[in-house]
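Protein chains in written order, with the numbering used here: chain A, 1 to 382; chain X, 383 to 696.
Glycine included, C-beta positions come from ideal geometry on N, C-alpha and C.
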């Protein structure tokens with residue numbers, strides 16, 4: 001099974017994984033590959049590296065997809081049938097747009113947007129990027145302008161935050177806290193304002209009165225919209241579970257990212273989410289047929305061609321590379337044991353940085369043309 | 383050069399994937415070796431992934447892992463309970479477990495970060511206000527990656543602003559004052575010599591400046607050795623077409639390393655051009671286990687950045 005066949009017919013590809021593994025590049029390469037196959041594709045990213053952003057035509061945050069020019073990409077004659085669009089997400093703006101969308105009128109929307117709790121909430125890094133990314137994805141999906149949406153998930157404390165953070169924030173916004181406040185007394189927000197319950201009094205004492213006053217007015221403003229938030233949360237959940245959705249995990253071959261990826265993959269499988277495969281980025285592929293040749297053997301061989309002194313430096317360099325190649329192979333094997341049924345594709349560590357469309361095309365070729373490795377799974381337990 | 387070990391509290395941050403945790407551990411090891419009682423505090427990520435230095439099953443406790451070196455994982459929920467117990471006694475414990483309280487507090491954005499900062503303040507405090515733990519000469523915080531670390535550091539100011547009056551406002555200001563004291567608190571950025579990581583380091587420096595804080599140092603991790611001259615490279619390049627498998631594969635490995643080393647040197651130049659802060663470089667370690675790696679880096683850190691002997695009178 002290849003990555004191309006796994007992603008065939010998918011409308012939504014979510015690229016998740018730990019930070020610093022080349023997720024943005026991989027997402028863009030996946031989008032490029034699906035565009036090459038004829039689809040109209042949009043890749044949604046947060047905070048891409050400057051030169052990659054420039055390559056994608058993202059000179060500023062538009063918060064709407066812009067068309068990426070592929071006229072000059074060197075495709076060796078295969079050409080690109082579809083379209084590639086790219087968007088850099090502006091979390092604060094997306095949050096404001098969401099409020100505009102769910103508020104009953106412009107006045108109510110303005111009140112919420114000027115509330116201090118709302119401003120802290122929408123500017124906070126933790127959770128709001130994940131929440132807005134999913135929210136934007138939901139709107140783009142419903143608008144239906146694209147055949148395929150590829151989401152580069154935001155950099156997070158850990159990969160799983162992408163699944164948990166929007167749910168936490170949705171729970172906060174859809175008024176579960178509010179309902180809990182209402183339920184025990186039936187007196188609604190007046191209880192909060194008066195500090196009548198001992199719990200509320202204690203929280204009020206600890207936090208300072210203004211916080212609760214702002215929180216209560218925030219929830220009061222949101223009050224009429226809680227059904228919209230609940231509906232959206234349910235819609236997002238359906239979207240993430242749809243058979244046309246694919247979660248692709250991107251990792252490097254280093255021990256910590258691999259640990260996180262195994263955990264993330266298991267969480268997807270346990271949660272019944274459509275886990276499509278793993279991309280292992282920046283892999284040191286073995287060079288040559290005898291990678292286990294010792295350093296001194298290599299140095300001796302090389303000394304027939306260059307000075308013994310240079311030969312020994314080249315041999316030292318080769319030994320260092322082979323040790324990286326060995327540990328990368330072990331890490332990839334570990335992922336294969338953990339996920340015997342899913343395709344695992346490796347992208348070699350290129351000797352240069354990826355920051356133009358031609359380099360993206362090269363990455364895409366590794367992703368889509370290399371046959372993904374699937375092991376027969378005699379040891380699969382279940 | 384005394385290096386950041388002269389501080390009492392150090393936040394170590396950087397882009398994801400640059401080896402931040404390992405460098406934080408190396409810094410703590412180097413400090414402990416100089417005789418300082420040192421705590422390496424990781425912030426619980428709730429991934430279940432094991433931190434290389436925090437013993438399993440010992441989350442949220444300070445555990446001695448080597449002479450003078452303790453490690454712990456800060457858990458926001460437990461920190462909240464501790465805070466409530468200190469302030470409200472047994473009632474605090476009861477309060478913390480009610481669903482209403484949890485709905486109001488721990489789901490609120492920023493609350494986990496606030497509790498984490500409060501615990502860091504308590505750990506680094508010369509008097510340990512919780513009244514249970516050791517006093518440390520140095521607390522090294524293995525902070526989250528850049529964006530989240532900036533959010534974490536800004537949380538006390540945000541709460542002080544939101545609450546204005548009351549115990550939370552007062553506590554937040556105390557924590558903010560500790561963070562802002564350059565003699566007490568330092569910030570170390572870890573980066574690799576790659577474009578995005580360097581850009582993020584410069585952003586971090588600017589974000590800290592914006593809040594009146596300064597980087598103490600930048601640690602450039604994983605530098606490839608720069609083994610070859612221009613004339614070497616010409617010869618090695620020719621060998622990549624050699625018919626002998628072992629020869630051309632060794633030559634290709636050497637060329638790969640050379641290209642990477644060249645790219646890295648461009649980024650080091652860029653860092654030096656844009657940063658006034660001291661730069662410390664650490665070598666790429668090939669094929670070591672994570673903990674061994676931290677010890678090797680501690681050696682390298684000690685060489686690059688002489689750690690002064692502990693003041694015995696303290």
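Residue environment for residue 603 (chain X): buried (at least 16 other C-beta atoms within 10 angstroms of its C-beta). In summary, residue 153 (chain A) is buried, with 16 or more beta-carbon neighbours lying within 10 Å of its beta-carbon over all protein chains present. With fewer than 16 other Cβ atoms from the protein chains shown falling within 10 Å of its own Cβ, residue 271 (chain A) counts as exposed. The three-state secondary structure of residue 115 (chain A), taken from DSSP, is coil.
With fewer than 16 other Cβ atoms from the protein chains shown falling within 10 Å of its own Cβ, residue 552 (chain X) counts as exposed. Looking at the DSSP output, residue 454 (chain X) shares a beta bridge with X:423. Interface flag for residue 20 (chain A) against chain X is set, since a Cβ pair is found closer than 8 Å.
Any Cβ of chain X closer than 8 Å to the Cβ of residue 257 (chain A) would place that residue at the interface, and such an atom is present. Annotation for residue 500 (chain X): 461, 465, 553 and 557 place their beta carbon closer than 8 Å to its own, counting only its chain and skipping 5 residues before and after.
One Cα belongs to residue 243 (chain A), the other to residue 505 (chain X), and the distance between them is close to 49 Å. Look at the region 569-653 of chain X and you find these whole runs of beta strand (DSSP E), each 3 residues long or longer: 599-605. A check of alpha carbon separations from residue 324 (chain A) across A:306, A:284, A:336 and A:339 identifies A:284 as the nearest. Counted as a single uninterrupted DSSP element, the alpha helix (DSSP H) harbouring residue 529 (chain X) occupies residues 528-545. Contact annotation for residue 642 (chain X) against chain A: 351 [CB-CB distance below 8 Å, chain order]. When DSSP states are grouped into helix, strand and coil, residue 514 (chain X) belongs to the coil group.
If you draw a 10 Å sphere on the C-beta of residue 450 (chain X), you find 16 or more other C-beta atoms in it, and that means buried. Here the alpha carbon of residue 627 (chain X) sits roughly 10 Å from the alpha carbon of residue 293 (chain A). Look at residue 665 (chain X) here: in three-state DSSP terms it is strand. Any Cβ of chain A closer than 8 Å to the Cβ of residue 601 (chain X) would place that residue at the interface, and such an atom is absent. DSSP, read as helix, strand or coil, puts residue 684 (chain X) in helix.
With a threshold of 8 Å between beta carbons, residue 577 (chain X) makes contact with chain A. Close partners of residue 314 (chain A) in chain X (Cβ separation under 7 Å): 618, 632, 633 and 636. Taking a C-beta cut-off of 8 Å against chain A, the contacting residues of the region 391-403 of chain X are 397, 398, 399, 400 and 403, listed in chain order. Remark: C-beta atoms of residue 249 (chain A) and residue 16 (chain A) approach each other more closely than 8 Å.
Against chain A, the CB of residue 423 (chain X) has no partner CB under 8 Å away; the residue lies outside that interface. For the region 288-301 of chain A, the set of residues with a beta-carbon nearer than 8 Å to any beta-carbon of chain X comprises 288, 289, 290, 291, 293, 297, 298 and 301, in chain order. A contact is defined here as three or more CB-CB pairs under 8 Å, and the region 4-15 of chain A fails this definition with respect to the region 95-110 of chain A. Taking a beta-carbon distance threshold of 8 Å, residue 83 (chain A) does not count as an interface residue toward chain X.
Between residue 335 (chain A) and residue 347 (chain A) a beta carbon distance of about 14 Å is seen, past the 8 Å cut, so the two are scored as non-contacting. Cα atoms of residue 537 (chain X) and residue 530 (chain X): separation of roughly 10 Å, rounded to the nearest angstrom. Using a Cβ distance threshold of 8 Å, residue 114 (chain A) and residue 121 (chain A) do not count as a contacting pair.
Around the Cβ of residue 413 (chain X), a 10 Å sphere holds 16 or more other Cβ atoms; the residue is buried. In this model, residue 232 (chain A) and residue 91 (chain A) are separated by some 17 Å (Cα to Cα).
At least 8 Å separates the CB of residue 559 (chain X) from every CB of chain A.
Not a single CB atom of chain X sits nearer than 8 Å to the CB of residue 335 (chain A).
Under the 8 Å criterion on CB atoms, residue 305 (chain A) is classed as interfacial with respect to chain X.
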